[in-house]
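*Asks:* Can you keep this structure in mind? I'll have questions shortly.
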Amino acid sequence: MKLKKKKGQSHEPLSPELRATLPKVNINDLVVSIKYYVDEDFAHIQIRDHSVCTRCATKPCLDFCPVQVFTADAQGKIMVGYQACVECGSCRIGCPLKNVDWQLPRGGHGVAYKFG
Amino acid sequence: MATKHTFDAIVVGGGPAGTAAALTMARSGLKTILIERGNFVGAKNFFGGVMYTHAIADLLPDFWERTPPFERPLTEQGYWMLAPDSVVRMTHKSEHYKHEPADAYTVLRAQFDPWLAEQASKAGALVVTRTAVLRVLQDSKGKVIGVRTDRPDGDVYAPIVIIAEGVNNLLTQRLGLIKNDLPPRFVALAVKEYISLPAKDIQARFGLTGANEGAAIDIFGDATMGLPGTAFLYTDKAGISIGVGMLLDEFIQHKLRPYEVLARFKNHPVIQPYLEGGKPFEYGAHLIPETGYDRMPKLAADGVMVAGDAAGMVDALHREGTNLAMTAGRMAGLTAIKAHQAGDFSATFLNQYRQDLENSFVLKDMKQYRRMTDFLDTTPHFMGTYANFLNDVALRYFTAHGIPKRDMERQIVGMLQERRSFFGVAQDMVKLLRAMRG
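Going line by line, the protein sequences match chains A and B.
Going left to right, the first sequence walks through residues 1 to 116 as full-length UniProt numbering numbers them.
Going left to right, the second sequence walks through residues 1 to 438 as full-length UniProt numbering numbers them.
Shown next, in the form of structure tokens:
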């Protein structure tokens with residue numbers, strides 16, 4: 001499967017100078033503020049087929065996930081830390097190869113915002 | 001044998017759409033169940049922060065006496081156009097916003113949504129939390145007859161099901177009410193931090209006289225690195241809600257991390273002083289369906305209606321969503337009541353709901369702004385180019401150089417032409433006008 005060419009104007013790449021203005025953020029500093037009822041027995045997000053990810057050149061999930069659920073191990077294999085998931089659905093929609101099996105956490109589990 | 005759980009109506013999802021539907025139906029005497037997967041109603045709900053009271057008043061005329069947990073009334077609203085080191089502000093502050101109840105309030109959803117669910121509960125709805133709906137049950141002809149939950153013995157039956165499951169509309173998709181999942185260019189990803197700050201500091205920084213005033217600022221340009229999207233700065237009672245949102249496709253194409261874009265925005269020299277000394281209390285993220293009028297799911301089929309984010313009911317331009325959802329939920333509820341009176345739960349009958357929405361602001365606005373997402377998608381330079389231009393114009397305009405003003409005006413025109421050709425500007429304006437006029 002190839003990435004579909006999008007309609008309309010193509011995205012001009014960001015200039016390196018602009019990209020350099022992004023501060024580094026330790027995601028854990030943000031995730032600690034979120035309350036979860038973690039379901040240790042059920043991973044509601046899974047990679048359907050790891051071999052598909054190895055064919056994925058861009059691996060955008062590593063970046064766009066707002067809580068960095070997806071990380072790559074030393075071999076480049078995608079690891080899923082579903083415990084930090086805020087159930088936004090970005091990976092379900094944003095995975096270019098539709099390789100994320102995205103389900104709802106079981107009732108009463110997952111994120112529970114204190115402020116929202 | 002297990003008992004069969006039967007209701008007059010089932011609502012899936014405890015957001016504003018679902019709760020409004022449940023409240024409406026329960027109040028008229030329908031035996032109604034509201035099923036919410038979160039630990040409490042509101043646990044999964046997350047937004048920027050502005051709630052409009054017209055939709056609440058339509059649902060609950062006496063809502064003010066029921067002391068809703070609002071944060072601050074909006075007495076100043078507007079836009080900031082951000083360049084990397086400057087800002088052009090256009091906000092509106094008025095004494096006319098100061099009436100009770102006000103037209104709009106900032107709100108924290110983990111407090112507001114439970115309050116709304118409590119009103120549904122008081123009206124007689126059975127509110128069941130910690131229960132996920134796995135699938136919708138249909139008879140052999142495809143008519144919806146109930147839902148399967150993840151509780152043991154968890155099938156629930158009703159002649160009418162209102163789906164208000166939110167932006168991740170898996171049930172809506174599985175029912176075939178929408179053909180394809182949303183592509184990443186028709187959905188926005190927003191991240192927000194709620195930052196605790198003493199009320200007196202908020203008031204001093206935003207120029208507010210007390211807790212009876214509040215500001216909601218939407219920010220463009222450098223806030224999203226010039227990419228299509230918006231950022232916001234809203235005042236709560238004793239905190240600030242600050243966030244950024246962009247089309248998911250922008251994050252994907254540019255390999256951007258949402259929390260880094262937010263951190264960059266927070267560090268901006270114009271923004272930073274507002275947050276100084278604040279304590280980050282909560283971070284979160286949510287998708288916003290920018291589905292648009294033309295790509296909405298079917299809103300009714302045999303035995304089922306869809307409302308709220310699940311149906312893409314968002315007016316991104318005016319950052320409205322919960323009021324569309326609440327209105328749609330109420331209208332779906334009213335149609336369900338009529339369906340019970342008529343004993344007719346067919347798609348044809350339930351299409352009354354669609355008609356009611358077409359006659360209301362919900363679908364009228366969505367129709368008017370049907371090209372908005374396409375506009376952002378096809379003019380990705382728009383926000384950055386013009387926000388920077390405005391800032392440069394301001395700097396030039398407000399600085400005296402000892403040259404005739406006529407020359408200054410020519411310089412300003414030249415500054416625009418450096419950025420965008422005459423035809424480019426004309427094209428942008430035509431596109432913008434078309435997106436605004438529908």
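By construction, the Cβ of each residue, glycine as well, lies at the ideal position given by its N, Cα and C atoms.
Taking the alpha-carbon of Gly312/B as reference, which of Pro184/B, Ala43/B and Tyr293/B has the nearest alpha-carbon?
*Replies:* Numbered from 1 along the second sequence, position 312 holds the residue referred to as residue 312/B. Ranking the options by Cα distance to Gly312/B, first place goes to Tyr293/B.
*Asks:* Return helix, strand or coil for Pro152/B, following the three-state DSSP convention.
*Replies:* The count along the second sequence starts at 1 and reaches residue 152/B at position 152. Coil.
*Asks:* For Ala9/B, collect the residues of the same chain with a Cβ closer than 6 Å to its Cβ; drop the 5 residues on either side in sequence, then sort them by chain order.
*Replies:* Within the second sequence, numbered from 1, the residue matching residue 9/B stands at position 9. These residues qualify, in order along the chain: Met25, Leu30, Thr32, Ala158, Ile160 and Ala336.
*Asks:* Please list the terminal residues of the continuous alpha helix (DSSP H) segment that includes Asp253/B.
*Replies:* Position 253 of the second sequence, counted from the start, is the residue given in the question as residue 253/B. It is worth fixing the name first, because residue 253/B is Gln in this sequence and not Asp. Where Gln253/B is concerned, the enclosing alpha helix (DSSP H) stretches over Leu248 to Gln253.
*Asks:* Closest Cβ-Cβ distance between Pro16/A and chain B: below 8 Å?
*Replies:* For the purposes of this step, residue 16/A is taken as residue 16 along the first sequence, with counting starting at 1. Judged by the 8 Å Cβ criterion, Pro16/A is not in contact with chain B.
*Asks:* Pick out whichever of Ala328/B, Phe375/B, Phe423/B and Lys405/B has its Cα sitting closest to the Cα of Thr19/B.
*Replies:* Position 19 of the second sequence, counted from the start, is the residue given in the question as residue 19/B. The shortest Cα separation from Thr19/B among Ala328/B, Phe375/B, Phe423/B and Lys405/B belongs to Ala328/B.
*Asks:* In this structure, does DSSP put Glu100/B in helix, strand or coil?
*Replies:* One-based indexing of the second sequence puts residue 100/B at position 100. Note: Glu100/B maps to coil in three-state DSSP.
*Asks:* In terms of residue numbering, what span does the beta strand (DSSP E) encompassing Thr91/B cover?
*Replies:* Residue 91/B sits at position 91 when you count from the first residue of the second sequence. Residues Ser86 to Lys93.
*Asks:* If I'm right that Arg37/B touches Gly89/A with Cβ under 8 Å, what's the distance once you round it to whole angstroms?
*Replies:* The residue you call residue 37/B lines up with position 37 of the second sequence. The residue you call residue 89/A lines up with position 89 of the first sequence. That belief does not hold up - the Cβ atoms of Arg37/B and Gly89/A are roughly 14 Å apart, past 8 Å.
*Asks:* For Leu256/B, which residues in chain A fall below 9 Å Cβ to Cβ?
*Replies:* Counted from its first residue, the second sequence places residue 256/B at position 256. Within chain A, the residues near Leu256/B are Leu14, Arg19, Leu22, Asp63 and Phe64.
*Asks:* I want to verify the contact list: residues of chain A whose CB lies under 7 Å from the CB of Gly38/B, in sequence order.
*Replies:* One-based indexing of the second sequence puts residue 38/B at position 38. Chain A residues near Gly38/B: Ala112.
*Asks:* Report the three-state DSSP secondary structure of His286/B (helix, strand or coil).
*Replies:* The residue you call residue 286/B lines up with position 286 of the second sequence. Three-state result, His286/B: strand.
*Asks:* As an exercise, report each continuous alpha helix (DSSP H) stretch of at least 4 residues that is fully enclosed by the stretch 195-283 of chain B, in chain order.
*Replies:* Whole alpha helix (DSSP H) segments, 4+ residues: 199-206, 248-253, 258-267 and 272-275.
*Asks:* For Met51/B, write down the residues that DSSP places opposite it in a beta bridge.
*Replies:* For the purposes of this step, residue 51/B is identified with residue 51 of the second sequence, where counting begins at 1. Paired residue(s): Tyr105/B.
*Asks:* Under 9 Å between beta-carbons, which chain A residues line up against Met225/B? List them in chain order, please.
*Replies:* Taking the second sequence and counting its residues from 1, one reaches residue 225/B at position 225. What Met225/B touches in chain A: Leu14, Leu18, Arg19, Thr21 and Leu22.
*Asks:* Whole angstroms is fine: what's the gap from Met246/B's alpha carbon to His254/B's?
*Replies:* Here residue 246/B refers to the residue found at position 246 when the second sequence is read from its first residue. Here residue 254/B refers to the residue found at position 254 when the second sequence is read from its first residue. Those two C-alpha atoms are separated by around 12 Å.
*Asks:* Kindly list, in the order they appear in chain A, the residues whose Cβ is closer than 7 Å to that of Ile252/B.
*Replies:* Taking the second sequence and counting its residues from 1, the one referred to as residue 252/B is at position 252. Going along chain A in sequence order, the residues near Ile252/B (Cβ under 7 Å) are Pro60, Phe64 and Gly94.
*Asks:* I need the boundaries of the alpha helix (DSSP H) containing Gln83/A, first residue and last residue.
*Replies:* Position 83 of the first sequence, counted from the first residue, corresponds to residue 83/A. Run containing Gln83/A: none; DSSP gives neither H nor E here.
*Asks:* Looking only at its chain, what residues have a beta carbon closer than 6 Å to the beta carbon of Ala285/B, apart from the 5 residues adjacent to it on each side?
*Replies:* Here residue 285/B corresponds to residue number 285 of the second sequence, with the count starting at 1. Taken in chain order, the residues that qualify are Val191.
*Asks:* In chain order, what residues of the same chain lie with their CB nearer than 6 Å to the CB of Arg27/B, ignoring the 5 residues before and after it?
*Replies:* If you number the second sequence from 1, residue 27/B lands on position 27. Cβ neighbours of Arg27/B beyond the five flanking positions: Ala123.
*Asks:* Can you tell me which of Gly49/B, Ala57/B and Phe63/B puts its alpha carbon nearest to the alpha carbon of Leu74/B?
*Replies:* Mapped onto the second sequence, residue 74/B falls at position 74. Selected option, being the one with the closest Cα: Gly49/B.
*Asks:* Going by the beta-carbon positions, is the gap between Met415/B and Val393/B smaller than 8 Å?
*Replies:* Numbered from its first residue, the second sequence carries residue 415/B at position 415. Numbered from its first residue, the second sequence carries residue 393/B at position 393. A contact, by the Cβ cut-off of 8 Å.
*Asks:* Alpha carbon to alpha carbon, what distance is there between Glu260/B and Thr378/B?
*Replies:* The residue you call residue 378/B lines up with position 378 of the second sequence. The residue you call residue 260/B lines up with position 260 of the second sequence. Using only the alpha carbons, I get a separation of about 25 Å.
*Asks:* Tell me the start and end of each unbroken beta strand (DSSP E) in the stretch 289-343 of chain B that is at least 3 residues and wholly inside, in chain order.
*Replies:* Here the runs fully enclosed are 304-306.
*Asks:* What are the boundary residues of the beta strand (DSSP E) that Phe70/A is part of?
*Replies:* For the purposes of this step, residue 70/A is identified with residue 70 of the first sequence, where counting begins at 1. From DSSP, the beta strand (DSSP E) with Phe70/A extends over Phe70 to Ala72.
*Asks:* Check whether chain B comes within 8 Å of Gly76/A, counting only Cβ atoms and requiring the distance to be less than that.
*Replies:* Position 76 of the first sequence, counted from the first residue, corresponds to residue 76/A. Cβ-Cβ to chain B under 8 Å: no for Gly76/A.
*Asks:* Compute the beta-carbon to beta-carbon distance between Ala21/B and Ala307/B, rounded to the nearest angstrom, for a pair I have assumed lies under 8 Å.
*Replies:* Against the second sequence, residue 21/B aligns to sequence position 21. Against the second sequence, residue 307/B aligns to sequence position 307. At roughly 6 Å, the Cβ-Cβ gap stays under 8 Å, so Ala21/B and Ala307/B are in contact.
*Asks:* Using a Cβ-Cβ distance under 8 Å, would Cys88/A count as near chain B?
*Replies:* For this step, residue 88/A is matched to residue 88 along the first sequence. Judged by the 8 Å Cβ criterion, Cys88/A is in contact with chain B.
*Asks:* Contact defined as beta carbons within less than 8 Å: I believe Gly303/B pairs with Ile145/B. What is the distance between those atoms, to the nearest angstrom?
*Replies:* Your numbering for residue 303/B matches position 303 in the second sequence. Your numbering for residue 145/B matches position 145 in the second sequence. With a Cβ gap of about 6 Å, Gly303/B and Ile145/B count as contacting.
*Asks:* Can you find at least 3 beta carbon pairs, one from the stretch 172-184 of chain B and one from the stretch 225-237 of chain B, that sit closer than 8 Å?
*Replies:* At 8 Å Cβ cutoff, the stretches do not touch.
*Asks:* Please look up how many angstroms separate the CB atoms of Asp150/B and Leu134/B, rounded, as I've assumed it's under 8 Å.
*Replies:* For the purposes of this step, residue 150/B is taken as the residue at position 150 of the second sequence. For the purposes of this step, residue 134/B is taken as the residue at position 134 of the second sequence. Contact holds; Cβ gap of about 6 Å.
*Asks:* Going by DSSP, what residues sit across from Met415/B in a beta bridge?
*Replies:* If you number the second sequence from 1, residue 415/B lands on position 415. According to DSSP, Met415/B bridges with nothing at all.
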